[in-house]
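Trainee: According to our numbering, the sequence shown is numbered sequentially starting from 2. All C-beta atoms in this analysis are idealised placements derived from N, C-alpha and C, irrespective of residue type, glycine included. Supplied in structure tokens, the structure appears directly below.
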Amino acid sequence: MPNSNGKMPLRLYNTRTRSVEPLRPLEPGHVRIYVCGLTPSAEGHLGHARSFLFFDVLRRYLTHPRNGYRVTFVKNVTDIDDRSIATAQAEGTTYDAVIARHYASFQASMRTLGVLDPDHEPYATKFVPQIMEMIGELMERGFAYASDDGVYYRVAAFARYGALSGKNVDELLIGARIAENEHKDDPLDFALWKFAKPGEPRWDSPWGAGRPGWHIECSAMARALLGVPFDVHGGGYDLIFPHHENEIAQSEPLMTAPPMAEMWVHGGLLNFDGRKMSKSLGNFEPLSALLERHDPLAIRLLFLQTGYRKPMNFTEDSIAGATRSLARLTEQYQRAKAVEDDGVPLSEESEAVIASRERFFEMLDDDMNTAGAVGVVFDLVGEIGHYRDASVRAAALDFVRDAFGIFGIVEALDRPSRMERHTISTPRTDVETAIRVEDRYWSREQQQQMIDALRRAVGDAVHVNGDRLAIVIGEIIQARADARKAKDFALGDRLRDALAAEGVALHDSKDGTTWTAAAR
Ligand SMILES: [Zn+2]
Numbered sequence: 002m003p004n005s006n007g008k009m010p011l012r013l014y015n016t017r018t019r020s021v022e023p024l025r026p027l028e029p030g031h032v033r034i035y036v037c038g039l040t041p042s043a044e045g046h047l048g049h050a051r052s053f054l055f056f057d058v059l060r061r062y063l064t065h066p067r068n069g070y071r072v073t074f075v076k077n078v079t080d081i082d083d084r085s086i087a088t089a090q091a092e093g094t095t096y097d098a099v100i101a102r103h104y105a106s107f108q109a110s111m112r113t114l115g116v117l118d119p120d121h122e123p124y125a126t127k128f129v130p131q132i133m134e135m136i137g138e139l140m141e142r143g144f145a146y147a148s149d150d151g152v153y154y155r156v157a158a159f160a161r162y163g164a165l166s167g168k169n170v171d172e173l174l175i176g177a178r179i180a181e182n183e184h185k186d187d188p189l190d191f192a193l194w195k196f197a198k199p200g201e202p203r204w205d206s207p208w209g210a211g212r213p214g215w216h217i218e219c220s221a222m223a224r225a226l227l228g229v230p231f232d233v234h235g236g237g238y239d240l241i242f243p244h245h246e247n248e249i250a251q252s253e254p255l256m257t258a259p260p261m262a263e264m265w266v267h268g269g270l271l272n273f274d275g276r277k278m279s280k281s282l283g284n285f286e287p288l289s290a291l292l293e294r295h296d297p298l299a300i301r302l303l304f305l306q307t308g309y310r311k312p313m314n315f316t317e318d319s320i321a322g323a324t325r326s327l328a329r330l331t332e333q334y335q336r337a338k339a340v341e342d343d344g345v346p347l348s349e350e351s352e353a354v355i356a357s358r359e360r361f362f363e364m365l366d367d368d369m370n371t372a373g374a375v376g377v378v379f380d381l382v383g384e385i386g387h388y389r390d391a392s393v394r395a396a397a398l399d400f401v402r403d404a405f406g407i408f409g410i411v412e413a414l415d416r417p418s419r420m421e422r423h424t425i426s427t428p429r430t431d432v433e434t435a436i437r438v439e440d441r442y443w444s445r446e447q448q449q450q451m452i453d454a455l456r457r458a459v460g461d462a463v464h465v466n467g468d469r470l471a472i473v474i475g476e477i478i479q480a481r482a483d484a485r486k487a488k489d490f491a492l493g494d495r496l497r498d499a500l501a502a503e504g505v506a507l508h509d510s511k512d513g514t515t516w517t518a519a520a521r
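Shown next, in the form of structure tokens:
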């Protein structure tokens with residue numbers, strides 16, 4: 002059934018029902034979303050960011066005039082856990098100092114990636130009263146019990162346990178054991194409240210001083226900030242079991258009208274060169290470091306091109322490809338914008354733009370098929386420069402800008418494309434500036450390939466010392482300037498041609514020589 006604006010509603014894959022379903026907000030016009038946030042007890046990496054990037058695009062699309070929803074978006078911070086306590090003890094600091102350090106870094110990275118701040122960003126330790134209240138209700142109704150080391154959830158009391166993940170309690174019990182230091186009735190029971198050991202942070206409770214378990218935090222914060230039921234509960238695929246299963250088990254027995262959330266939406270996991278990123282595998286790179294090597298907008302594009310549910314493999318080649326695609330798109334957009342008007346209106350051009358726009362939104366409505374939607378924009382951008390009617394070109398450019406806004410990469414349209422000029426007239430300082438620009442657009446591997454090609458092309462004529470592309474180009478330009486000063490124009494031309502063969506064009510003026518590098 003179409004919405005009031007006449008369009009089919011957005012459909013999303015709902016893990017709870019295992020089908021693609023229309024999103025129909027419980028409160029008309031208002032979509033309430035809870036996404037499990039980070040546990041910043043250690044440095045975050047790009048894998049942690051993937052689902053946050055997806056929900057950022059979903060949120061932008063929901064609030065876009067096409068849908069026109071008001072969105073309340075909650076993303077929590079699990080600011081206490083075993084690891085932050087252990088790290089604090091090892092470092093002689095406090096758990097909240099550990100959390101503050103890692104979270105500040107991750108938050109800065111999220112902003113670099115253009116992820117909008119949530120409407121609410123609850124810290125678990127600020128919701129201890131609400132958490133205790135919920136534990137009390139669960140105990141009253143026979144879903145929880147106190148033991149020697151804490152309060153546990155009684156999984157056997159909740160008949161629907163396993164429904165979200167499709168796991169069966171009997172199968173889960175096979176091989177499940179109670180650890181020696183845990184005092185619980187059943188191996189599947191999980192902690193709602195952990196009594197504090199000496200030296201651990203603690204909050205007083207009716208059952209004993211301690212701290213909340215991870216799962217109950219999300220249930221209590223979602224209930225406090227959004228109310229239950231709400232529309233969309235999200236997170237990474239790895240959170241389905243046990244975390245989201247446990248959230249349901251804690252929340253739904255206390256509700257008159259379950260489910261806790263209408264839709265459970267999960268993002269696929271991210272591998273790095275075919276492996277999970279982890280310190281133990283030796284391939285760990287903090288997100289902040291990765292963002293110094295790669296263009297954050299190209300990272301967004303790469304994720305969009307994959308689609309949110311698919312497992313994804315991040316490689317240096319894949320990000321280099323996305324970086325090139327984005328640069329080409331920026332160039333095509335800027336070139337199309339600069340086209341002179343020849344005043345010939347052509348109706349089929351106008352129809353093509355309208356059709357592209359409609360196809361783009363249909364893709365997004367179909368379970369956020371961002372890969373398809375990106376393809377539509379790419380195809381259109383390549384055409385705009387050929388349109389002869391200025392008003393159609395303007396409409397098409399507006400649409401591209403609109404689409405890029407939903408993708409969260411609109412800045413890419415306004416930044417200097419790779420046709421940017423680099424001034425080499427005063428070699429050292431300006432070359433340094435140029436290097437920083439280069440790093441944005443070429444991967445190290447691409448830079449190295451081009452350096453190797455330039456070395457071969459200039460042969461013995463220039464002694465290439467530099468190990469960075471912009472330095473090497475600067476050295477060759479300097480050698481050409483020296484040759485011209487010495488009236489060796491043949492050598493000067495040879496060096497210019499060597500650069501040109503690699504796509505580097507020189508522009509001489511009274512201020513010196515500048516260069517532009519064409520897209521590769
Ligand atoms: Zn959670």
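1) Answer yes or no: the CB of His121 versus the heavy atoms of ligand 2, is any distance below 8 Å?
2) What residue range is occupied by the uninterrupted alpha helix (DSSP H) comprising Leu398?
3) Quick one: is His464 buried, meaning 16 or more other Cβ sit within 10 Å of its Cβ, or exposed?
4) Would you kindly work out how many angstroms separate the C-alpha atoms of Leu11 and Tyr70, rounded to a whole number?
5) Here's a check: name, in chain order, each residue in its chain whose Cβ is nearer than 8 Å to the Cβ of Leu282, leaving out the five neighbours to either side.
6) Excluding the 5 residues flanking Glu263 on each side, which residues of the same chain have their C-beta closer than 6 Å to its C-beta?
7) Using the Cβ count rule (16 or more neighbours within 10 Å means buried), how would you classify Pro312?
8) In terms of residue numbering, what span does the alpha helix (DSSP H) encompassing Ser357 cover?
9) Using DSSP with H/G/I as helix, E/B as strand and the rest coil, what is Leu507?
10) Mark Asn466 as exposed unless 16 or more other C-beta atoms lie within 10 angstroms of its C-beta, in which case mark it buried.
11) Hey, quick one: how far does the beta strand (DSSP E) through Leu271 stretch, first residue to last?
12) Exposed or buried, Asp380, counting other C-beta atoms within 10 Å across all chains shown (16 or more means buried)?
13) Determine the burial state of Lys488: buried for a count of at least 16 other Cβ atoms within 10 Å of its Cβ, exposed for fewer.
14) Starting from Leu165, follow its DSSP beta bridges and name the residues at the other end.
15) Check whether the segment 87-104 touches the segment 168-182, taking contact to mean three or more Cβ pairs, one atom from each stretch, closer than 8 Å.
16) Which residues in the same chain as Gly228 place their Cβ atom closer than 7 Å to its Cβ, once the five residues preceding and following it in sequence are excluded?
17) Using the Cα positions of Leu455 and Val473, report the straight-line distance between them to the nearest angstrom.
18) If you draw a straight line from the alpha carbon of Ile436 to that of Ser392, how long is it in whole angstroms?
19) Taking DSSP as the reference, what is the three-state secondary structure of Lys76?
20) Alpha carbon to alpha carbon, what distance is there between Glu363 and Asn353?
21) Is it the case that the segment 17-25 contacts the segment 263-273, given that we only count it when at least three CB pairs across the two stretches are under 8 Å?
22) Give me every residue whose Cβ sits closer than 5 Å to any heavy atom of ligand 1, in chain order.
23) So for Trp208, helix, strand or coil by DSSP?
24) For Ser220, count neighbouring Cβ atoms within 10 angstroms of its own Cβ and tell me buried if that reaches 16, exposed if not.
25) Can you list, in chain order, the residues of its chain with a C-beta nearer than 8 Å to that of Leu240? Leave out the 5 residues immediately preceding and following it.
Mentor: Reading it off the structure:
1) This structure simply doesn't include ligand 2; it includes ligand 1 instead.
2) Position 397 of the sequence shown, counting from 1, holds the residue named residue 398. Taken as a continuous stretch (DSSP letters only), the alpha helix (DSSP H) holding Leu398 covers Ala391 to Phe408.
3) Counting from 1 along the sequence shown, the entry for residue 464 is found at position 463. Per the 10 Å Cβ criterion, exposed.
4) Taking the sequence shown and counting its residues from 1, one reaches residue 11 at position 10. Taking the sequence shown and counting its residues from 1, one reaches residue 70 at position 69. If I take the Cα positions, the gap works out to 11 Å.
5) Translated into the one-based positions of the sequence shown, residue 282 becomes position 281. Spatial neighbours of Leu282 in its own chain (CB-CB distance under 8 Å, excluding positions within 5 residues in sequence) are listed in chain order as Arg276.
6) Position 262 of the sequence shown, counting from 1, holds the residue named residue 263. Asp232, listed in sequence order.
7) For the purposes of this step, residue 312 is taken as the residue at position 311 of the sequence shown. With fewer than 16 other Cβ atoms within 10 Å, it is exposed.
8) Residue 357 sits at position 356 when you count from the first residue of the sequence shown. Where Ser357 is concerned, the enclosing alpha helix (DSSP H) starts and stops at Ser348 to Asp366.
9) Indexing the sequence shown from 1 puts residue 507 at position 506. Leu507: strand per DSSP, three-state reduction.
10) As a position in the sequence shown, residue 466 is number 465, starting the count at 1. By the 10 Å Cβ count, Asn466 comes out exposed.
11) Position 270 of the sequence shown, counted from the start, is the residue given in the question as residue 271. Counting along the chain, the beta strand (DSSP E) containing Leu271 begins and ends at Leu271 to Phe273.
12) As a first step, residue 380 must be located in the sequence shown, where it is residue number 379. It counts as exposed.
13) Translated into positions along the sequence shown, residue 488 becomes position 487. Exposed: under 16 other Cβ atoms inside 10 Å.
14) Residue mapping note: residue 165 aligns to position 164 of the sequence shown, counting from 1. BP columns for Leu165 are empty, so no partner.
15) no
16) Mapped onto the sequence shown, residue 228 falls at position 227. Same-chain partners within the cutoff: there are none.
17) The sequence position of residue 455 within the sequence shown is 454, counting from 1. The sequence position of residue 473 within the sequence shown is 472, counting from 1. Rounded to whole angstroms, Leu455 to Val473 spans 8 Å at the Cα level.
18) Counting from one through the sequence shown, the residue named residue 436 turns up at place 435. Counting from one through the sequence shown, the residue named residue 392 turns up at place 391. The predicted position of Ile436 is uncertain, since its pLDDT is 38 and thus under 50; no value can be drawn from it.
19) Here residue 76 refers to the residue found at position 75 when the sequence shown is read from its first residue. Residue state, collapsed to three classes: strand.
20) As a first step, residue 353 must be located in the sequence shown, where it is residue number 352. As a first step, residue 363 must be located in the sequence shown, where it is residue number 362. Note that residue 353 is Ala in the sequence shown here, rather than Asn. Across the structure, Ala353 and Glu363 are spaced so that their CA atoms are roughly 15 Å apart.
21) yes
22) Cys37 and Cys219
23) As a first step, residue 208 is located in the sequence shown; it is residue number 207 there, counting from the start. Trp208: coil per DSSP, three-state reduction.
24) As a working note, residue 220 is residue 219 in the sequence shown. Per the 10 Å Cβ criterion, buried.
25) One-based indexing of the sequence shown puts residue 240 at position 239. Cβ neighbours of Leu240 beyond the five flanking positions: Cys37 and His267.
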